[in-house]
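Residue numbers (the numbering used here), protein chains in the order written: chain A, 1 to 279; chain B, 1001 to 1304.
Don't be surprised by glycine CBs; every beta carbon is placed ideally from N, CA and C.
Here is the structure we will look at, set down as C-alpha cells.
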Amino acid sequence: MQKKIVATATTYILISLLGLLMIYPLLWLVSGSFKSNAEIFNSFQLIPSRINFDAYIRGWVGLGQQTYSNFFINTIKMVVPSVFFCLLSSFLTAYGFSRFRFPFKKPLFALMIATLMLPKTVIIIPRYMIFKNLGWLDTFLPFYAPELLATQSFFIFMLVQFMRGLPRELDESAEIDGCNSFQILYRILLPLAKPALFSAAIFDFIWAWNDFFNPLIYISSVAKYPLALGLRIDLDVGAAVSWDKVMAMSVVTMLPPILIFFFAQKYFVEGIATTGLKG
Amino acid sequence: MSLANAGKSKVKKAHQYIGLAYIAPWLIGFLTLQLYPFLISFWYSLTDLNLFREPRFIGLDNFIQMFTANADFWQSFRVTFIYVLAAVPAKIAFALIVAMIMNQKLRGINFFRTVYYLPSILGGSVALAILWKLLFMSEGVVNHYLSFLGIPGHNWLGDPGMALTTISLLQVWQFGSSMVLFLAGLKQIPAELYEAGRVDGASRLRMFFHITIPQLTPIILFNLIMQMVNAFQEFTAAFVITNGGPLKSTYLYGYMIYQYGFDYLKMGYASALSWVLFIVIMIFTVVIFKSSSMWVHYEDAGDF
C-alpha cells in the first residue's frame, strides 16, 4: 500500500513538472504581454509588476491604416467560409463513398486515401499558377476553392469512417418511407453525423487559422492581410522590435484556437483518437 | 425473394450515378487541384518557367544544376535530413513515454492531457514561432533559467551549431497528437497479456519491450509516416524564427522551395526541387512500409 502511494505521488510530481514545462512558454508569453519592453527581459517573474494593457492598445494599431481589427476580419473572412465549404463538400463525398456503389469506387477511394500522403510542396507551384491564371491572386478564392472541392481528404476519410458506423437500416427505412437520397442525407444522416462534423470543423478551423504559408503566397495587399501576415510584419520592422507589442498580438492571434480547444475538447480528443492526426 | 432481388438491383443501378454525383466535388477537386498540379509540376521541373514569359523546355538542366552547381541544395538537403532524423524519432519517443505515464488510472488525468496537448493546437502558427524566438534569444528566458542552474547562456538561434536543434525542440514540444494516439492504443491492449506476463514473472521493463511496444507498432508506424511527411516540408519555423540562418544552418528544404519559387521566382527550378523532395519522401515511405512487415505487429490493427 505504502509503495503504491509513493508510486502515485511520484507520477503526480513527474506529470506536474512536465506539464509545467509544457505550459510555461505560453504562460510566459501571456505574462510578457502585460509587461513593459524593459521588464520582459529583466524580470522573469510570471506575475507582471503591474497589469498593463498598453502593449495591447499600441499593438492593435498594427500598421496604422491596417489595424488588428482588419486583420481579424480578414482572417474570419478567409477561415469561416473555408470551413463551411470543407464540411459541405467532404460530407457529400463521404456520403457518396460510404453509401453507394458506382463504377471504379474502390480505386477512386484508394486514390482519395493516397492523396493524404501527397506532399503539399509538390503541388504548390502549379496551384499558384492556376490561381494566377484565373486572376485569383490577392483574393480569398485560393482558400475557398480547394475546400469547396473537397481536397482535404483527411476529413472525407474521417467522415466515411464515421458513417460506416451508422446503421444502413436507417437509410433503408427512410427510403421505404419515400425519402430520396438527398433527403436521407439531410434528414437522417446529417443530424446523426453532427459530432463528427463538429470535430472536423474544429480541426479545419484551427488549421486554417494557423496557416501561414498559403496567405504568404496568395495575399499581397496589406488591406487583405490575415492575422498571420500582420503578425509577421510586426516582427519584421527592423532591429528595434517592440517585443511587448509583438507578444500582446501573438496572444491575441492564439486566443481563438485556444478558446475553441477548451470548449470543444471532447470532440478534439475523439477526432484524433479515432482517425489519427498530424500536429 | 426474387421480388426483393429485383427491387435491389434496380436500386443499385439508380445508385450508380447518384453515388458519382455525390463524390463529384471531390472528383473535380482531385483532378484539377491535385492530380493535374502533380503531373504538371513534373513538366514544370523540365522547364525554365518563371512568372514573366512562356516556359521553355530545358530537359534535365534544373536537376543537373541543383546536383552539381548549387551549394544551397546540398546544404538544405543535409540540414533537412538531420532535422527529420532528429525531430521525428524524438517526438514519437517522447509521445510514447508520456502516454505510458499518463495511462495510469489517476484523478485529474484529463487536465494533464489538455495541458500536454495545448502546444499542438497552435501548430505551425506564426505566434508560436515568435514565442520560440523570444524564448531562445540570448537575453531570453531559457538562458535566464540556465544561469540559475549555473549553466552559461548560449546564443541558441545565432549559433549555426545550435539553431537547428532549437527549432527541432519546437517540433518535439508539439507531441500532443501523437500522444493521444498512443493513449488510445494503450487502452486497446488486452489486460490478459500483462497478466500472463506477470504470472511468468516478467519485469515491467520486459513487459514494456515484449508486450507494449509490439502491440503499439501499428500506431508507431502511422505516427512515423505522418510526422515524417510533415517534417520534410516544415516551413514556418525556418522562415519566421531564423530565416534559414545563421549560415544556412536552418535552411530547411520547404524554405528553400519557397525561396526559389516565390522570392527568386524561378518556378521551374522550384518545381524540380519539389520533385526531388517528393522522391525522397516516397523512398522513405516505401522503406518504412517495406520494413514494417518485420517490426509491425498486426493482430487487431485498424484501418491503416
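Give me the residue from the options with the minimum Cα distance to residue i.
i: LEU87 (chain A); options: A:SER242, A:ALA193, A:PRO215 and A:ASP234; result: A:ALA193
i: GLN1233 (chain B); options: B:PHE1063, B:VAL1084 and B:THR1068; result: B:VAL1084
i: ILE1109 (chain B); options: A:THR8, A:GLY135 and A:LYS245; result: A:THR8
i: ALA208 (chain A); options: B:ILE1283, B:LEU1122 and B:GLY1153; result: B:LEU1122
i: LEU1135 (chain B); options: B:ASN1155, B:ALA1069 and B:THR1080; result: B:ASN1155
i: GLY1059 (chain B); options: B:THR1047, B:PHE1067, B:ARG1053 and B:ALA1069; result: B:THR1047
i: TYR12 (chain A); options: B:ALA1090, B:PRO1190, B:LEU1035 and B:ILE1101; result: B:ILE1101
i: LEU1216 (chain B); options: B:PHE1077, B:ARG1113 and B:SER1178; result: B:SER1178
i: MET1267 (chain B); options: B:ASN1062, B:TYR1116, B:GLY1019 and B:ALA1021; result: B:ASN1062
i: PHE1030 (chain B); options: A:ALA196, A:ARG101, A:PRO215 and A:LEU116; result: A:LEU116
i: PHE1111 (chain B); options: A:THR253, A:ASP234, A:SER16 and A:VAL252; result: A:SER16
i: SER1168 (chain B); options: B:THR1212, B:THR1242, B:TYR1022 and B:TYR1116; result: B:THR1242
i: VAL83 (chain A); options: A:PHE143, A:PRO191, A:ILE260 and A:ASP244; result: A:PHE143
Could you give the DSSP three-state label for residue i: helix, strand or coil?
i: THR1047 (chain B); result: strand
i: PHE1208 (chain B); result: helix
i: PHE1057 (chain B); result: strand
i: LEU277 (chain A); result: The pLDDT assigned to LEU277 (chain A) is 48, lower than 50, so where the model puts this residue is not dependable, and the model offers no usable value.
i: GLU39 (chain A); result: helix
i: TYR12 (chain A); result: helix
i: PRO1246 (chain B); result: coil
i: TRP1162 (chain B); result: According to the sequence shown, residue 1162 (chain B) is Met rather than Trp. If DSSP states are grouped into helix, strand and coil, MET1162 (chain B) belongs with coil.
i: GLN1259 (chain B); result: helix
i: HIS1297 (chain B); result: coil
i: GLN1104 (chain B); result: coil
i: LEU235 (chain A); result: helix
i: ASP211 (chain A); result: coil
i: GLN280 (chain A); result: Within the shown structure, residues of chain A are numbered from 1 to 279, placing residue 280 (chain A) beyond reach of any answer.
i: MET249 (chain A); result: helix
i: HIS1144 (chain B); result: helix
i: ASP1303 (chain B); result: Because the pLDDT at ASP1303 (chain B) is just 44, under 50, the model does not fix this residue reliably, and the point stays unresolved.
i: ALA1238 (chain B); result: helix
i: SER242 (chain A); result: coil
i: MET1066 (chain B); result: helix
i: LYS1266 (chain B); result: coil
i: VAL61 (chain A); result: coil
i: GLY1007 (chain B); result: Model confidence at GLY1007 (chain B) stands at a pLDDT of 48, short of 50, so the residue's coordinates are unreliable; what they give is reported in the following sentence. Here GLY1007 (chain B) sits in helix by DSSP.
i: THR151 (chain A); result: coil
Around the Cβ of residue i, are there at least 16 other Cβ atoms within 10 angstroms (buried) or fewer (exposed)?
i: GLN2 (chain A); result: exposed
i: PRO1160 (chain B); result: exposed
i: VAL6 (chain A); result: exposed
i: LYS266 (chain A); result: exposed
i: TYR1298 (chain B); result: exposed
i: MET1294 (chain B); result: exposed
i: LEU1221 (chain B); result: buried
i: THR10 (chain A); result: exposed
i: ALA1301 (chain B); result: Here the model assigns ALA1301 (chain B) a pLDDT of 45, short of 50, so the residue's position is not dependable and the matter cannot be decided.
i: MET129 (chain A); result: buried
i: PRO146 (chain A); result: buried
i: PRO103 (chain A); result: exposed
i: MET1228 (chain B); result: buried
i: GLY26 (chain A); result: Looking at the sequence provided, one finds Leu at residue 26 (chain A) rather than Gly. Flag for LEU26 (chain A) reads buried.
i: TYR186 (chain A); result: exposed
i: PRO119 (chain A); result: buried
i: LYS1133 (chain B); result: buried
Pop quiz: residue i and residue j are said to be a contact at Cβ under 8 Å. What is the actual Cβ separation, rounded to whole angstroms?
i: PHE1182 (chain B); j: LEU1096 (chain B); result: 5 Å
i: PHE34 (chain A); j: ILE23 (chain A); result: About 17 Å; that fails the 8 Å criterion.
i: SER98 (chain A); j: LEU149 (chain A); result: Contact flag wrong, Cβ pair sits at about 19 Å.
i: SER1147 (chain B); j: ILE123 (chain A); result: About 47 Å; that fails the 8 Å criterion.
i: ALA1238 (chain B); j: TYR1255 (chain B); result: 4 Å
i: THR1080 (chain B); j: LEU1252 (chain B); result: 5 Å
i: MET249 (chain A); j: GLY19 (chain A); result: Going by Cβ atoms, the distance from MET249 (chain A) to GLY19 (chain A) rounds to 26 Å, so no, they are not a contact pair.
i: ILE1082 (chain B); j: LEU1186 (chain B); result: ILE1082 (chain B) to LEU1186 (chain B), Cβ: 31 Å. No contact.
i: ALA1087 (chain B); j: VAL1172 (chain B); result: 6 Å
i: THR121 (chain A); j: ILE1257 (chain B); result: 6 Å
i: VAL1240 (chain B); j: VAL1142 (chain B); result: Their Cβ separation, rounded to whole angstroms, is 18 Å, which puts VAL1240 (chain B) and VAL1142 (chain B) out of contact at 8 Å.
If the cut is a Cβ gap below 8 Å, which residues of chain D does residue i touch?
i: GLN1016 (chain B); result: Protein chains in the displayed structure are A and B, and chain D is not among them.
**Request:** Check each residue of the segment 69-100 of chain A: if its Cβ is closer than 7 Å to any Cβ of chain B, include it; give the result in chain order.
**Result:** If the cut-off is 7 Å between Cβ atoms, the segment 69-100 of chain A has SER89, LEU92, THR93, TYR95, GLY96, PHE97 and PHE100 near chain B.
**Item:** chain B contacts made by the segment 240-259 of chain A, where a contact means CB separation under 9 Å
**Value:** Result list: TRP243, VAL246, MET247, MET249, SER250, VAL251, VAL252, THR253, MET254, PRO257 and ILE258.
**Request:** Compile a chain-ordered list of the residues in the segment 1219-1253 of chain B whose CB is closer than 9 Å to at least one CB of chain A.
**Result:** Residues passing the 9 Å Cβ filter: ILE1219, PHE1222, ASN1223, ILE1225, MET1226, GLN1227, VAL1229, ASN1230, PHE1232, GLN1233, PHE1235, THR1236, PHE1239, VAL1240 and TYR1253.
**Asked** Quick one, which residues of the segment 105-127 of chain A are near chain B if we go by CB-CB under 8 Å, in chain order?
**Response** The segment 105-127 of chain A vs chain B, Cβ under 8 Å: LYS105, LEU108, LEU111, MET112, THR115, MET117, LEU118, PRO119, LYS120, THR121, VAL122, ILE123, ILE124, ILE125, PRO126 and ARG127.
**Request:** For the segment 1117-1141 of chain B, enumerate the residues whose C-beta is nearer than 7 Å to any C-beta of chain A, in chain order.
**Result:** Cβ proximity to chain A below 7 Å picks out LEU1118, PRO1119, SER1120, ILE1121, LEU1122, GLY1123, GLY1124, SER1125, VAL1126, ALA1127, ILE1130, LEU1131, LEU1134, LEU1135, GLU1139 and VAL1141 from the segment 1117-1141 of chain B.
**Item:** Interfacial residues, the segment 1156-1173 of chain B to chain A, with Cβ spacing under 8 Å
**Value:** Residues of the segment 1156-1173 of chain B with a C-beta less than 8 Å from any C-beta of chain A: TRP1173, listed in chain order.
**Message:** Using a Cβ-Cβ cutoff of 8 Å, what residues of the segment 1258-1276 of chain B are near chain A? List them in chain order.
**Reply:** So the close ones are TYR1258, GLY1261, PHE1262, MET1267, ALA1270, SER1271, SER1274 and TRP1275.
**Prompt:** Taking Cβ-Cβ distances below 7 Å as the criterion, which residues of the segment 1038-1059 of chain B are in contact with chain A?
**Reply:** So the list reads PHE1038, ILE1040, SER1041 and TYR1044, given in the order they occur along the chain.
**Residues, ordered as in the chain, of the segment 2-15 of chain A that lie near chain B by beta-carbon distance below 9 Å** = Within the segment 2-15 of chain A, the residues whose Cβ lies closer than 9 Å to some Cβ of chain B are ALA7, THR8, THR11, TYR12, LEU14 and ILE15, listed in chain order.
**Request:** Could you name the residues of the segment 133-148 of chain A whose beta carbon sits closer than 8 Å to any beta carbon of chain B, in the order they occur along the chain?
**Result:** Within the segment 133-148 of chain A, contact with chain B at the beta-carbon level (separation under 8 Å) is assigned to ALA145, PRO146 and LEU148.
**Message:** Please identify, using Cβ separations under 8 Å, the residues of the segment 1089-1107 of chain B that lie next to chain A, in order along the chain.
**Reply:** The residues in question are VAL1098, ILE1101, MET1102, GLN1104 and LEU1106.
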